[in-house]
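Below: the structure, in structure tokens.
2 protein chains.
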Amino acid sequence: MKNTSTLVQTQFLSAQDVVAIVNRLGLAESLRGMADYIHADYLRWQDFDKHARVGNHSEFGVIELMPIADARTYTFKYVNGHPFNTRLGLPTVMAFGVLANVANGVPQVLSELTLTTAIRTAAMSAVAARALARPDSTRMALIGNGAQSEFQALAFHHLLGIQEIRLFDIDPQATAKLMRNLCHTGLRLLPCASVVEAVRGADIVTTVTADKINATIITPAMVEPGMHINAVGGDCPGKTELHPGVLSQAGVFVEYEPQTRIEGDIQQMGPDFAVTELWQVLQGQAAGRTAQEQVTVFDSVGFALEDFSALRFMRDSARRLDIGQPLALIPALANPKDLFGFLRPLPQAAARAQAEAQRSNQPETALA
Amino acid sequence: MKNTSTLVQTQFLSAQDVVAIVNRLGLAESLRGMADYIHADYLRWQDFDKHARVGNHSEFGVIELMPIADARTYTFKYVNGHPFNTRLGLPTVMAFGVLANVANGVPQVLSELTLTTAIRTAAMSAVAARALARPDSTRMALIGNGAQSEFQALAFHHLLGIQEIRLFDIDPQATAKLMRNLCHTGLRLLPCASVVEAVRGADIVTTVTADKINATIITPAMVEPGMHINAVGGDCPGKTELHPGVLSQAGVFVEYEPQTRIEGDIQQMGPDFAVTELWQVLQGQAAGRTAQEQVTVFDSVGFALEDFSALRFMRDSARRLDIGQPLALIPALANPKDLFGFLRPLPQAAARAQAEAQRSNQPETALA
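Just so you know, the sequences run in chain order B and Z.
Each residue of the first sequence is one higher than the one before, counting from 1 in the numbering used here.
Each residue of the second sequence is one higher than the one before, counting from 369 in the numbering used here.
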């Protein structure tokens with residue numbers, strides 16, 4: 001009978017494996033590759049079976065599942081959001097995910113997605129900003145200098161041409177860490193004493209804060225004509241970053257409207273507040289920025305399609321670089337209708353062969 | 369700085385690890401332990417944050433995610449259902465799952481759930497039958513003799529006292545396989561030429577068929593007074609096993625009504641067709657079987673709570689038996705706000721130590 005061991009094998013990409021992939025490609029190339037995969041998948045938005053993510057909320061945070069599929073490939077991501085975790089020495093956001101074959105349900109790749117999510121979120125921000133920010137943008141404000149911030153900074157540097165970043169975080173050590181991490185990148189990094197100071201004169205404003213509160217980090221008074229606001233941190237019910245007045249005066253773009261209405265900064269607006277889904281802009285079916293003076297907002301919450309792209313990118317990169325190892329997640333059955341048989345000890349022939357192998361390793365005298 | 373490596377460690381239970389656990393405990397004890405965990409969790413049904421599962425359907429089958437949580441523990445299961453898989457040499461149902469800490473989101477256990485699901489489904493059927501079948505039941509009909517069937521047979525043997533099982537499958541080889549697998553268990557196994565023949569005179573009828581069609585495997589003419597019908601195989605939209613007339617004349621019990629209305633055999637009935645959730649019976653809030661002559665149906669579809677119990681049971685058993693291995697699913701960060709730092713090559717001191725270790729393994733002359 002056919003053995004299913006190769007058919008049901010899952011390839012595992014550990015946290016260290018993804019570090020190895022990113023270091024072999026370089027972070028700039030990883031961000032660029034990830035943005036290309038995301039853009040390509042958004043161009044075929046209509047091919048996907050989409051769900052709003054499923055969250056289990058507690059007083060400490062949230063754990064979410066984000067499934068999506070096209071006709072050939074299924075992916076999901078597990079991701080948590082626990083704002084107090086850093087006090088325990090743990091990351092705020094941790095993630096992993098699986099890519100599976102729609103035709104037979106085999107989970108083909110299990111990958112870490114903590115590091116990968118930071119790269120895909122930054123790449124997604126860049127994909128949106130390429131369509132929405134002024135093409136001559138060179139200065140960005142970066143509010144929130146935590147775990148995701150360096151990835152945002154480098155995505156906008158390499159993919160948008162941002163040269164100067166004005167930094168603010170309520171934790172000055174976070175800003176100091178970012179400056180240490182990015183000191184050799186060629187970016188001009190300017191720590192600021194307040195959000196107002198950081199935002200003043202910026203072409204692009206990126207907010208990537210972690211507190212699970214209805215914050216108003218950006219107020220209408222801070223907004224200047226022509227700004228693009230990349231609002232990344234307001235991404236679940238009760239967690240916002242923009243004053244409603246910022247939204248009402250801007251062109252607002254979202255990933256997947258049903259999910260963003262619940263989770264995005266637009267949770268503060270009425271259900272008929274007009275937004276545009278980004279795929280429409282990327283496919284040329286809707287306008288992005290319509291004037292030099294217009295204020296645009298990308299109300300980013302992170303959508304399953306981006307993780308689909310991210311898992312595809314990591315799978316393809318891992319294959320090309322021969323990184324990763326097999327994981328026995330699914331039993332390899334001699335007969336697929338005989339799951340019970342998998343419980344049996346090795347068949348007699350195999351057991352005999354094993355016993356003989358052991359015997360032949362022992363000194364001859366032991367057999368006498 | 370504190371290293372998070374132990375805090376974020378995921379314990380991995382492979383398919384072989386779960387085989388080792390079940391063989392160490394014995395299958396009877398595994399079924400009994402699993403039933404105890406399920407029963408205990410059903411007794412605190414109100415503690416759980418419940419969702420209907422999220423499925424991505426295709427022409428080939430379905431891939432589902434089943435999340436659930438109480439105040440301390442979160443679990444989800446990934447499971448597929450692909451009726452044509454056996455023709456490809458693959459199991460119809462494959463599964464894995466994760467148990468995580470609600471307080472911080474860390475995925476603590478990643479386990480195979482293909483084998484585990486077969487055990488938990490059989491244990492759940494037994495938990496329901498203990499509350500619903502006639503206590504003097506000794507004869508069961510088992511319709512569908514595929515991957516799940518031996519587990520159902522043994523659960524009813526060990527937990528309900530079933531002594532004789534009458535078998536039918538459209539594939540005679542499946543029945544022959546079951547008889548080989550269970551020939552030393554003390555069960556009296558009688559292969560039958562038809563469903564009618566298998567069901568005649570049975571105290572309990574278990575249907576565990578795989579075809580994704582609206583089948584009518586059990587018709588009203590087959591049903592005898594006092595029977596308990598354990599309907600396991602009708603578990604997604606368009607996949608049923610019982611003629612509606614069987615349901616309309618029986619007391620029907622379900623796991624989680626919102627899910628079973630969509631997926632169970634009761635998808636054929638109107639939205640006001642009366643059903644009882646099983647937890648109400650187990651908690652003494654509703655009656656189970658009310659008369660010797662009553663026909664009862666457990667319209668089982670498999671609910672996330674049972675996988676929560678199953679993952680708890682496997683985690684606790686693995687700990688006790690010291691089975692499993694750590695998996696680097698989540699990066700261990702020196703500073704949780706410094707994900708970017710995880711990309712850096714090893715610090716100089718560690719790199720030097722590693723280089724020295726390599727050098728000391730080389731012959732002395734190589735250093736000359």
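Glycine included, each C-beta is placed from N, C-alpha and C at the ideal position.
Here the structure is a predicted model, which means the values were calculated and not measured.
Item checked: Secondary structure, alpha helix (DSSP H): runs of 4+ residues fully inside the region 613-652 of chain Z -> 625-631, 646-650
Item checked: His82 of chain B versus Lys545 of chain Z: straight-line alpha-carbon distance, rounded -> Indexing the first sequence from 1 puts residue 82 of chain B at position 82. Indexing the second sequence from 1 puts residue 545 of chain Z at position 177. Cα to Cα, His82 of chain B sits roughly 49 Å from Lys545 of chain Z.
Check: What residues of chain Z sit near Gln16 of chain B, judged by a beta carbon separation below 7 Å?
Finding: The sequence position of residue 16 of chain B within the first sequence is 16, counting from 1. Within chain Z, the residues near Gln16 of chain B are Ala696.
Item checked: Exposed unless 16 or more other CB atoms sit within 10 angstroms - verdict on Cys604 of chain Z -> Locating residue 604 of chain Z in the second sequence gives position 236, where the first residue counts as 1. It counts as buried.
Note to self: For Pro704 of chain Z and Ile213 of chain B, what's the separation of their Cα atoms in angstroms?
What the structure shows: Position 336 of the second sequence, counted from the start, is the residue given in the question as residue 704 of chain Z. Position 213 of the first sequence, counted from the start, is the residue given in the question as residue 213 of chain B. In a straight line, the C-alpha of Pro704 of chain Z is about 21 Å away from that of Ile213 of chain B.
Check: What number of angstroms, rounded off, separates the C-alpha of Ala103 of chain B from the C-alpha of Val466 of chain Z?
Finding: The residue given as residue 103 of chain B occupies position 103 in the first sequence. The residue given as residue 466 of chain Z occupies position 98 in the second sequence. Going from the Cα of Ala103 of chain B to the Cα of Val466 of chain Z covers about 23 Å.
Next item on the list: For Lys607 of chain Z, return the contacting residues in chain B, with the cut-off set at a CB-CB distance below 7 Å.
Entry: For this step, residue 607 of chain Z is matched to residue 239 along the second sequence. The premise fails here: Lys607 of chain Z is roughly 15 Å from chain B at the closest Cβ pair, so nothing lies under 7 Å.
Notebook entry, point to check: According to the Cβ coordinates, are His228 of chain B and Ala129 of chain B closer than 7 Å?
Noted result: Numbered from 1 along the first sequence, position 228 holds the residue referred to as residue 228 of chain B. Numbered from 1 along the first sequence, position 129 holds the residue referred to as residue 129 of chain B. Cβ atoms of His228 of chain B and Ala129 of chain B: closer than 7 Å.
Check: In three-state terms, what does DSSP make of Gly288 of chain B?
Finding: Taking the first residue of the first sequence as position 1, residue 288 of chain B is located at position 288. Coil.
Item checked: Three-state secondary structure (DSSP) of His82 of chain B -> For the purposes of this step, residue 82 of chain B is taken as residue 82 along the first sequence, with counting starting at 1. In the three-state scheme derived from DSSP, where H, G and I count as helix and E and B as strand, His82 of chain B is classed as coil.
Check: If you compare alpha carbons, which of B:Ala250, B:Gly238, B:Gln249 is closest to Arg261 of chain B?
Finding: Taking the first residue of the first sequence as position 1, residue 261 of chain B is located at position 261. The shortest Cα separation from Arg261 of chain B among B:Ala250, B:Gly238, B:Gln249 belongs to B:Gly238.
Margin query: Could you check whether the Cβ of Gly324 of chain B sits closer than 7 Å to any Cβ belonging to chain Z?
Written below: Your numbering for residue 324 of chain B matches position 324 in the first sequence. It does not; no Cβ of chain Z falls within 7 Å.
Notebook entry, point to check: Short check: CB of Val19 of chain B to CB of Leu711 of chain Z, under 7 Å?
Noted result: As a first step, residue 19 of chain B is located in the first sequence; it is residue number 19 there, counting from the start. As a first step, residue 711 of chain Z is located in the second sequence; it is residue number 343 there, counting from the start. A contact, by the Cβ cut-off of 7 Å.
Notebook entry, point to check: With distances taken from CA atoms, which of Z:Ile572, Z:Thr658, Z:Asp504 is nearest Gln520 of chain Z?
Noted result: Taking the second sequence and counting its residues from 1, one reaches residue 520 of chain Z at position 152. Nearest of Z:Ile572, Z:Thr658, Z:Asp504 to Gln520 of chain Z, Cα basis: Z:Ile572.
Margin query: Give me the DSSP bridge partner(s) of Tyr442 of chain Z.
Written below: Locating residue 442 of chain Z in the second sequence gives position 74, where the first residue counts as 1. Bridge partners of Tyr442 of chain Z according to DSSP: Z:Ala437, Z:Ala468.
Next item on the list: Ignoring anything shorter than 3 residues or poking outside the region 489-537 of chain Z, list the beta strand (DSSP E) runs there in chain order.
Entry: Taking 3 residues as the minimum length, the beta strand (DSSP E) runs contained wholly in the region 489-537 of chain Z are 507-511, 532-536, in order along the chain.
Item checked: Beta-carbon gap between Phe676 of chain Z and Thr485 of chain Z smaller than 7 Å -> Looking up residue 676 of chain Z in the second sequence gives position 308. Looking up residue 485 of chain Z in the second sequence gives position 117. Against a cut-off of 7 Å, the Cβ pair of Thr485 of chain Z and Phe676 of chain Z comes out as no contact.
Margin query: Rounded to whole angstroms, what is the Cα-Cα separation between Leu333 of chain B and Leu458 of chain Z?
Written below: Numbered from 1 along the first sequence, position 333 holds the residue referred to as residue 333 of chain B. Numbered from 1 along the second sequence, position 90 holds the residue referred to as residue 458 of chain Z. A direct Cα-to-Cα measurement between Leu333 of chain B and Leu458 of chain Z gives close to 8 Å.
Notebook entry, point to check: Does the distance from the C-beta atom of Pro588 of chain Z to that of Val564 of chain Z stay below 7 Å?
Noted result: Taking the second sequence and counting its residues from 1, one reaches residue 588 of chain Z at position 220. Taking the second sequence and counting its residues from 1, one reaches residue 564 of chain Z at position 196. Going by C-beta atoms, Pro588 of chain Z is not nearer than 7 Å to Val564 of chain Z.
Item checked: Range covered by the alpha helix (DSSP H) that runs through Gln541 of chain Z -> Locating residue 541 of chain Z in the second sequence gives position 173, counting from the first residue. Where Gln541 of chain Z is concerned, the enclosing alpha helix (DSSP H) starts and stops at 540-549.
Notebook entry, point to check: Taking the Cβ atom as the reference point for each residue, do Ala570 of chain Z and Arg657 of chain Z lie within a distance shorter than 7 Å?
Noted result: The sequence position of residue 570 of chain Z within the second sequence is 202, counting from 1. The sequence position of residue 657 of chain Z within the second sequence is 289, counting from 1. Arg657 of chain Z is positioned such that its CB atom lies no closer than 7 Å to that of Ala570 of chain Z.
Check: Would you call the CB atoms of Asn549 of chain Z and Leu535 of chain Z closer than 7 Å?
Finding: As a position in the second sequence, residue 549 of chain Z is number 181, starting the count at 1. As a position in the second sequence, residue 535 of chain Z is number 167, starting the count at 1. The Cβ atoms of Asn549 of chain Z and Leu535 of chain Z do not sit closer than 7 Å to each other.
Check: Which word fits Pro316 of chain B, buried or exposed, when buried means at least 16 other C-beta atoms lie within 10 angstroms of its C-beta?
Finding: If you number the first sequence from 1, residue 316 of chain B lands on position 316. Position check: residue 316 of chain B holds Asp in this sequence, whereas Pro was assumed. Exposed: under 16 other Cβ atoms inside 10 Å.
Notebook entry, point to check: Met34 of chain B touches chain Z at which residues, Cβ-Cβ below 9 Å?
Noted result: In the first sequence, counting from the first residue as 1, residue 34 of chain B sits at position 34. Neighbours of Met34 of chain B on chain Z: none; closest Cβ ~14 Å, over 9 Å.
Item checked: Burial state of Asn23 of chain B, where buried means 16 or more other Cβ atoms lie within 10 Å -> Counting from one through the first sequence, the residue named residue 23 of chain B turns up at place 23. Exposed: under 16 other Cβ atoms inside 10 Å.
Check: So which residues on chain Z does Lys77 of chain B lean against when the C-beta distance must stay under 9 Å?
Finding: Within the first sequence, the letter at position 77 stands for residue 77 of chain B. Simply none; closest approach about 11 Å.
Next item on the list: Measure from the C-beta of Lys337 of chain B to each C-beta in chain Z and report whether the shortest distance is under 7 Å.
Entry: As a position in the first sequence, residue 337 of chain B is number 337, starting the count at 1. With 7 Å as the cut-off, Lys337 of chain B counts as an interface residue toward chain Z.
Notebook entry, point to check: Hey, does Val102 of chain B have any beta-carbon neighbour from chain Z nearer than 7 Å?
Noted result: Residue 102 of chain B sits at position 102 when you count from the first residue of the first sequence. Judged by the 7 Å Cβ criterion, Val102 of chain B is in contact with chain Z.
Item checked: Cβ separation of Thr209 of chain B and Ile217 of chain B, assumed to be a contact under 8 Å, to the nearest whole Å -> Sequence index remark: in the first sequence, residue 209 of chain B carries index 209 (1-based). Sequence index remark: in the first sequence, residue 217 of chain B carries index 217 (1-based). Their Cβ separation, rounded to whole angstroms, is 6 Å, which keeps Thr209 of chain B and Ile217 of chain B in contact under 8 Å.
Notebook entry, point to check: Rounded to a whole number of angstroms, what is the C-alpha to C-alpha distance between Gln148 of chain B and Leu707 of chain Z?
Noted result: In the first sequence, residue 148 of chain B corresponds to position 148, counting from 1. In the second sequence, residue 707 of chain Z corresponds to position 339, counting from 1. Spanning the two alpha carbons is a distance of roughly 7 Å.
Next item on the list: Give a yes or no on whether the C-beta atoms belonging to Val669 of chain Z and Gly632 of chain Z are separated by under 7 Å.
Entry: As a position in the second sequence, residue 669 of chain Z is number 301, starting the count at 1. As a position in the second sequence, residue 632 of chain Z is number 264, starting the count at 1. The answer is yes: Cβ separation under 7 Å.
Check: In this structure, what does DSSP give as the bridge partners for Ala95 of chain B?
Finding: By 1-based counting over the first sequence, the position of residue 95 of chain B is 95. Its beta-bridge partners are B:Val79.
Check: Under 9 Å Cβ-Cβ, which residues of chain Z neighbour His158 of chain B?
Finding: By 1-based counting over the first sequence, the position of residue 158 of chain B is 158. The premise fails here: His158 of chain B is roughly 14 Å from chain Z at the closest Cβ pair, so nothing lies under 9 Å.
Next item on the list: Determine the direct distance from the alpha carbon of Ala174 of chain B to that of Glu625 of chain Z, and round the result to whole angstroms.
Entry: Numbered from 1 along the second sequence, position 257 holds the residue referred to as residue 625 of chain Z. Numbered from 1 along the first sequence, position 174 holds the residue referred to as residue 174 of chain B. Using only the alpha carbons, I get a separation of about 48 Å.
Notebook entry, point to check: If we cut at 7 Å on Cβ distances, does Thr114 of chain B have a partner in chain Z?
Noted result: Residue 114 of chain B sits at position 114 when you count from the first residue of the first sequence. At least one chain Z Cβ lies under 7 Å of Thr114 of chain B.
Margin query: Between which residues of its own chain and Gly55 of chain B is the CB-CB distance below 6 Å, once the five residues before and five after are set aside?
Written below: Here residue 55 of chain B refers to the residue found at position 55 of the first sequence. Same-chain partners within the cutoff: Val62, Glu64.
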